[in-house]
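Single-structure report; data block below.
2 protein chains.
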Amino acid sequence: MTEKLTQPERDSDLPTLLDNGWTHDADRDAIAKTFEFGNFIDAFGFMTRAAIWAEKWNHHPEWSNVYKTVEVTLTTHDVGGLSTLDLKLARKMDQLIG
Amino acid sequence: MTEKLTQPERDSDLPTLLDNGWTHDADRDAIAKTFEFGNFIDAFGFMTRAAIWAEKWNHHPEWSNVYKTVEVTLTTHDVGGLSTLDLKLARKMDQLIG
């Protein structure tokens with residue numbers, strides 16, 4: 001079962017994501033990042049690849065797209081905040097554009 | 001060149017879309033609709049099909065997705081409001097789920 005991130009997990013895993021452009025919303029205990037691409041095909045291509053990983057892991061982002069921009073928010077509703085699945089999906093998204 | 005909808009075009013074409021669940025935001029002169037699906041695969045599948053039409057017509061939605069819900073807003077920035085392309089894309093989206 002998915003559980004909320006422990007403090008040691010936060011201390012060890014969040015800083016790298018924050019260094020990579022993710023921001024932490026303390027009110028929602030969510031992380032968010034804005035991805036910019038060269039055009040719509042690249043932006044939606046990124047979303048498509050991320051969508052398949054999200055479905056595979058049964059953990060889905062909140063996200064929006066306007067032309068070449070994709071805004072992503074990750075949190076785990078079932079636990080009322082961040083879980084390891086959010087960090088895993090965030091790292092995968094960073095890897096997809098890497 | 002894309003041009004803003006004329007009043008006769010609004011009178012003839014908008015009512016059908018409003019009957020189909022689209023709403024008109026007068027401030028932005030945009031139309032919006034929330035699409036609900038059975039699951040994420042169906043929601044993102046719809047987005048994927050719509051994305052290819054959008055790119056083909058070089059006219060892209062503002063949209064967001066949370067699990068099985070897709071919220072779409074259509075307007076034409078170049079003309080500061082609705083154009084025939086918005087209505088065309090709205091009708092296509094309705095057709096994709098029809």
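Line order of the protein sequences matches chains A and B.
Take the first sequence: its position 25, counting from 1, is numbered 25 in UniProt numbering, and each next residue is one higher.
Take the second sequence: its position 27, counting from 1, is numbered 27 in UniProt numbering, and each next residue is one higher.
Every residue, glycine too, gets a C-beta built ideally from N, C-alpha and C.
None of these values were measured; they are calculated from a predicted model.
Following the DSSP letters along the chain, one finds L89(A) inside the alpha helix (DSSP H) bounded by residues T84 to L96. Remark: C-beta atoms of L96(B) and F37(B) do not approach each other more closely than 8 Å. Going by beta carbons, L82(B) and I41(B) fall outside the 8 Å limit. A buried status is given to T75(A), since no fewer than 16 other beta-carbon atoms sit within 10 Å of its beta-carbon.
For H59(A), not one C-beta of chain B is nearer than 8 Å to its own C-beta. Any Cβ of chain B closer than 8 Å to the Cβ of A26(A) would place that residue at the interface, and such an atom is absent.
About 6 Å separates the Cβ atoms of N65(A) and W63(B), confirming a contact at the 8 Å cut-off. Comparing alpha carbon positions, the residue from L17(A), D27(A) and N20(A) closest to G80(A) is D27(A). Measuring C-alpha to C-alpha distances from K68(A) to each of K88(B), A51(B) and E71(B) identifies A51(B) as the nearest. Membership of K33(B) in the beta strand (DSSP E) is indicated by the continuous run A30 to E36. Chain order gives no chain B residues near F46(A), where near means a beta carbon separation below 9 Å; the closest approach is about 12 Å. Under the 8 Å criterion on CB atoms, E62(B) is classed as interfacial with respect to chain A.
Taking CB atoms only, I41(B) has a neighbour in chain A less than 8 Å away. Annotation: E62(B) is outside any alpha helix (DSSP H); the continuous beta strand (DSSP E) that includes it extends over E62 to V66. Along the segment 64-78 of chain A, going in chain order, the ones with a CB nearer than 7 Å to a CB of chain B are S64, N65, V66 and Y67. For T34(B), the CB contacts under 7 Å within the same chain, skipping 5 residues up- and downstream, are T69 and E71 in chain order. Residues of chain B whose Cβ lies closer than 8 Å to the Cβ of E55(A) are, in chain order, F40, I41 and F44. DSSP places T48(B) within a helical segment (H, G or I) once states are collapsed to three. Within chain B, F44 have C-beta atoms less than 7 Å from the C-beta of A51(A), given in sequence order.
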